[in-house]
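Numbered by this note's numbering, the letters in the sequence shown go through residues 4 to 598 in order.
Read the structure below first, then the notes.
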Amino acid sequence: MREYAVPAVTEPPTGSLSDPVWANASSHPDLPVFSRRSGEAWQDVTAADFAAEVIGVAKGLIAAGVKHGERVALLSPTRYEWTLIDYAIWSIGAVTVPIYETSSPSQVQWILTDSEAVVAVVENATHGAVVESARAEAPALQEVWQIEAGAVDQLTELGRQISDAEYDKRRTAVTPDDLATLIYTSGTTGRPKGCQISHGNFLAELTPAVKILDELFDTNGASTLLFLPLAHVFARIIQVGCVMKRVKVAHSPDVKNLVADLGSFQPTFILSVPRVFEKVYNSASQNAHSSGKGKIFDAAAETAIAYSQAQDKGGASFGLKAKHALFDRLVFSKLRAVLGGKVQYAVSGGAPLGDKLGHFFRGIGVPVLEGYGLTETTAAVAVNLPDDIRIGTVGRPLPGVTVGVADDGELLFKGGQVMSGYWKNDEGTAAAIDSDGWFHTGDLGEFDVDGFIKITGRKKEILVTAGGKNVAPTVLEDQIRLHPLVSQCMVVGDGKPFIAALITIDPENIVPWATAHDKPTDVASLTNDADLIAEIQKAVDEANGTVSKAEAIRKFQILPIDWTQESGELSLKLSLRRHIVMANHEADVEALYTK
Numbered sequence: 004m005r006e007y008a009v010p011a012v013t014e015p016p017t018g019s020l021s022d023p024v025w026a027n028a029s030s031h032p033d034l035p036v037f038s039r040r041s042g043e044a045w046q047d048v049t050a051a052d053f054a055a056e057v058i059g060v061a062k063g064l065i066a067a068g069v070k071h072g073e074r075v076a077l078l079s080p081t082r083y084e085w086t087l088i089d090y091a092i093w094s095i096g097a098v099t100v101p102i103y104e105t106s107s108p109s110q111v112q113w114i115l116t117d118s119e120a121v122v123a124v125v126e127n128a129t130h131g132a133v134v135e136s137a138r139a140e141a142p143a144l145q146e147v148w149q150i151e152a153g154a155v156d157q158l159t160e161l162g163r164q165i166s167d168a169e170y171d172k173r174r175t176a177v178t179p180d181d182l183a184t185l186i187y188t189s190g191t192t193g194r195p196k197g198c199q200i201s202h203g204n205f206l207a208e209l210t211p212a213v214k215i216l217d218e219l220f221d222t223n224g225a226s227t228l229l230f231l232p233l234a235h236v237f238a239r240i241i242q243v244g245c246v247m248k249r250v251k252v253a254h255s256p257d258v259k260n261l262v263a264d265l266g267s268f269q270p271t272f273i274l275s276v277p278r279v280f281e282k283v284y285n286s287a288s289q290n291a292h293s294s295g296k297g298k299i300f301d302a303a304a305e306t307a308i309a310y311s312q313a314q315d316k317g318g319a320s321f322g323l324k325a326k327h328a329l330f331d332r333l334v335f336s337k338l339r340a341v342l343g344g345k346v347q348y349a350v351s352g353g354a355p356l357g358d359k360l361g362h363f364f365r366g367i368g369v370p371v372l373e374g375y376g377l378t379e380t381t382a383a384v385a386v387n388l389p390d391d392i393r394i395g396t397v398g399r400p401l402p403g404v405t406v407g408v409a410d411d412g413e414l415l416f417k418g419g420q421v422m423s424g425y426w427k428n429d430e431g432t433a434a435a436i437d438s439d440g441w442f443h444t445g446d447l448g449e450f451d452v453d454g455f456i457k458i459t460g461r462k463k464e465i466l467v468t469a470g471g472k473n474v475a476p477t478v479l480e481d482q483i484r485l486h487p488l489v490s491q492c493m494v495v496g497d498g499k500p501f502i503a504a505l506i507t508i509d510p511e512n513i514v515p516w517a518t519a520h521d522k523p524t525d526v527a528s529l530t531n532d533a534d535l536i537a538e539i540q541k542a543v544d545e546a547n548g549t550v551s552k553a554e555a556i557r558k559f560q561i562l563p564i565d566w567t568q569e570s571g572e573l574s575l576k577l578s579l580r581r582h583i584v585m586a587n588h589e590a591d592v593e594a595l596y597t598k
């Protein structure tokens with residue numbers, strides 16, 4: 004097996020995740036470390052204020068009877084209180100159990116029951132009702148507080164009886180070996196498994212990461228706006244890094260307000276998943292074309308990509324620099340303004356970004372630092388750095404991490420951020436972490452002589468046609484989704500005579516296209532429209548040009564509805580849940596091979 008290791012550059016972690024809260028309050032008490040929405044404005048929260056609020060909530064949890072190592076469920080969208088409660092839980096040695104706000108009642112019930120959570124904090128009455136409905140199956144659950152009903156104040160009042168000495172005794176007893184969180188991952192089959200992530204796992208990743216990503220975390224006025232779910236480890240790890248380095252954090256819980264929040268808060272870096280970058284590109288392209296400026300945008304996009312590519316080949320020519328400067332005034336500056344106007348870098352994870360988008364965003368002046376990791380690895384095990392980007396890869400392993408490629412092409416990792424195992428699931432743990440300590444990712448990949456890792460597919464998602472051809476569907480899907488009219492694409496063909504695809508249409512971008520072509524704007528009326536089919540065929544042809552003839556898509560079907568998180572067909576990181584799509588569209592798939 005091939006291996007590539009990056010030596011550790013720090014000593015083993017000490018202390019706990021809440022330690023920076025007290026360090027910041029002591030060294031920089033008046034420094035704003037958070038901003039909260041207050042009407043139309045942002046209200047700063049200083050390091051001293053945050054520490055005081057953490058203490059108040061933490062004492063309330065102690066008064067409620069939460070002991071060291073006991074689990075506290077947290078069901079809420081991303082918001083300031085989520086962070087506040089998370090740190091309060093950590094500071095007393097308890098364990099946060101995040102639950103996605105979109106989780107079904109049966110999923111909530113399972114997580115509460117399996118984790119044996121003793122108390123829960125939810126955002127609102129709707130969430131509270133879901134939690135209450137699970138009480139019969141979750142006998143350990145005692146109290147439930149609602150954020151919108153004053154949970155923070157209620158817990159703070161409850162905790163006034165707890166002395167500072169009692170609280171400090173709990174806080175200082177927390178060590179890197181203590182469990183910090185149980186994050187339940189939803190696999191393709193079976194019930195979600197709880198990943199056991201310790202304080203040490205977080206610290207093993209972040210201690211070196213914030214040093215090598217100093218252009219994000221160590222710049223004057225550094226800030227970020229979190230809009231991904233904090234229940235996901237990706238947003239959570241970035242937030243912990245921000246607290247460690249006193250980077251100001253704001254939260255945007257509703258994506259409908261995201262553009263406005265970006266414009267008013269003006270972060271210096273953001274984090275997102277590839278689908279969001281695709282949407283930014285596609286929306287800009289479609290808007291330009293519908294307003295008669297399509298040729299300008301296309302030329303600008305080509306220039307941005309060429310300019311980025313030139314950075315890897317000695318730099319741009321004088322002519323390319325001139326074109327880039329022109330389009331920077333006409334196009335690129337407007338795209339940067341959508342992100343708030345001050346974003347210097349973006350961080351991407353969850354799925355491969357793709358070469359085209361990587362070069363496009365670097366070309367417009369917002370380099371995307373693509374990384375790789377899973378919940379089981381406490382987020383990143385590899386990342387591209389601001390001064391060491393290799394587009395098309397997910398970067399090199401973080402310090403202290405070793406990557407290996409098994410004989411079947413599966414990526415394996417070792418490092419201090421790898422979880423100890425799944426909660427109460429020895430069988431699942433043994434399947435994920437072998438006897439030599441390698442964590443098996445389930446992803447296929449490779450790395451070059453410099454250690455840059457490239458993801459080539461998903462082990463369980465490889466399709467094998469009736470003719471025996473192995474096909475990686477994501478290569479085709481990623482390319483097709485770049486078309487402005489496409490929302491989602493799923494390639495099929497396992498055990499079938501040829502490769503085909505189901506394609507959904509972006510409900511927003513179809514409106515200007517349909518209006519310009521004098522057609523109805525509802526997708527259901529356009530699934531068999533010759534012009535739309537011809538337009539999507541262009542995207543399919545371009546994708547087919549990247550693979551062999553045996554791997555190419557021969558037929559596709561446009562569906563009348565899009566896939567969403569609410570319908571269960573997309574995960575929280577906006578990736579396909581293939582087994583659900585297949586179950587919901589079995590007839591559509593069969594029609595591709597019978598008509």
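Backbone N, C-alpha and C define an ideal beta-carbon position, used for all residues, glycine too.
- In the DSSP assignment, SER267 falls within the unbroken alpha helix (DSSP H) covering 261–268.
- The region 218–231 and the region 244–253 touch, with no fewer than 3 CB-CB distances between them shorter than 8 Å.
- LEU233 places its beta carbon less than 7 Å from that of TRP85.
- Closest in alpha carbon position to THR184, among THR524, GLY197, ILE583 and GLN112, is GLY197.
- Its chain contains VAL9, ALA11, VAL12 and PRO211 as the residues whose beta carbon lies nearer than 6 Å to that of PRO402, once the 5 sequence neighbours on both sides are disregarded; these appear in chain order.
- Measuring C-alpha to C-alpha distances from GLY353 to each of LEU377, PRO370, ASP167 and ALA176 identifies LEU377 as the nearest.
- The three-state secondary structure of LYS552, taken from DSSP, is helix.
- By the neighbour-count definition (other C-beta atoms within 10 Å, threshold 16), TYR596 is an exposed residue.
- Put simply, of GLY374, PHE330 and LYS359 the residue whose alpha carbon is nearest the alpha carbon of TYR348 is GLY374.
- ASN27 sits in a helix when the DSSP states are folded into three classes.
- Residues of the same chain with a CB within less than 8 Å of the CB of ALA137, apart from the 5 flanking positions on each side, are PRO108, VAL111, GLN112, LEU115, THR116 and LEU144 in chain order.
- Going by beta carbons, LEU78 and THR99 fall outside the 7 Å limit.
- Using a Cβ-Cβ distance cut-off of 8 Å, the region 445–463 and the region 385–401 are in contact, since at least three pairs of beta carbons, one from each stretch, lie closer than that value.
- Burial is judged here by how many other beta carbons sit within 10 angstroms of a residue's own beta carbon; ASP446 has at least 16 and is buried.
- Taking C-alpha positions only, HIS362 is separated from GLY368 by approximately 10 Å.
- Comparing alpha carbon positions, the residue from LEU356, VAL404, VAL584 and VAL57 closest to TYR7 is VAL404.
- Taking 3 residues as the shortest admissible run, the region 288–375 contains the following complete beta strand (DSSP E) segments, listed from N- to C-terminal end: 348–351.
- Relative to ALA553, the option among THR530, ILE561 and ALA469 whose CA is nearest is ALA469.
- Counting only residues of its own chain and dropping the five nearest sequence neighbours on each side, LYS472 has a CB closer than 6 Å to the CB of ALA553.
- With respect to the 7 Å criterion, ALA542 and HIS588 are not classified as neighbours on the basis of their beta carbons.
- Between THR524 and the set ASP534, ASP156, PRO510 and ALA533, the nearest pair of CA atoms involves PRO510.
- When beta bridges are read from the DSSP output, GLU146 appears opposite VAL122.
- Of the candidates THR518, GLY203 and ALA91, GLY203 places its Cα closest to the Cα of THR17.
- Bounds of any alpha helix (DSSP H) do not take in GLY197; it lies within the beta strand (DSSP E) bounded by 196–201.
- The C-beta of PRO23 has 16 or more other C-beta atoms within 10 Å across all chains shown, which makes the residue buried.
- Excluding sequence positions up to five before and after ALA154, its CB lies within less than 7 Å of the CB of VAL124 and TRP148, all in the same chain and listed in chain order.
- VAL334 is positioned such that its CB atom lies no closer than 7 Å to that of ALA309.
- Residue state for ILE465 is assigned as coil, using DSSP reduced to three classes.
- Assigned with DSSP and collapsed to three states, GLN420 falls in coil, not helix or strand.
- Fully enclosed beta strand (DSSP E) runs of no fewer than 3 residues occupy 405–408, 413–417 and 442–450 of the region 383–456, in order along the chain.
- Taking all protein chains shown into account, ALA91 has 16 or more neighbouring C-beta atoms within 10 Å of its C-beta and is therefore buried.
- Relative to GLU56, the option among THR159, SER21 and LEU562 whose CA is nearest is THR159.
- Pairing LYS70 with TYR170 gives a Cβ-Cβ distance that is not under 7 Å.
- Taking each of SER41, PHE37, PHE53 and GLY42 in turn and checking the Cα distance to SER29, the smallest one comes out for PHE53.
- Boundaries for ILE102: no alpha helix (DSSP H) harbours it, while the beta strand (DSSP E) harbouring it runs 98–102, taken from the DSSP string.
- Within a 10 Å sphere around the beta-carbon of GLN420 sit 16 or more other beta-carbons, which makes this residue buried.
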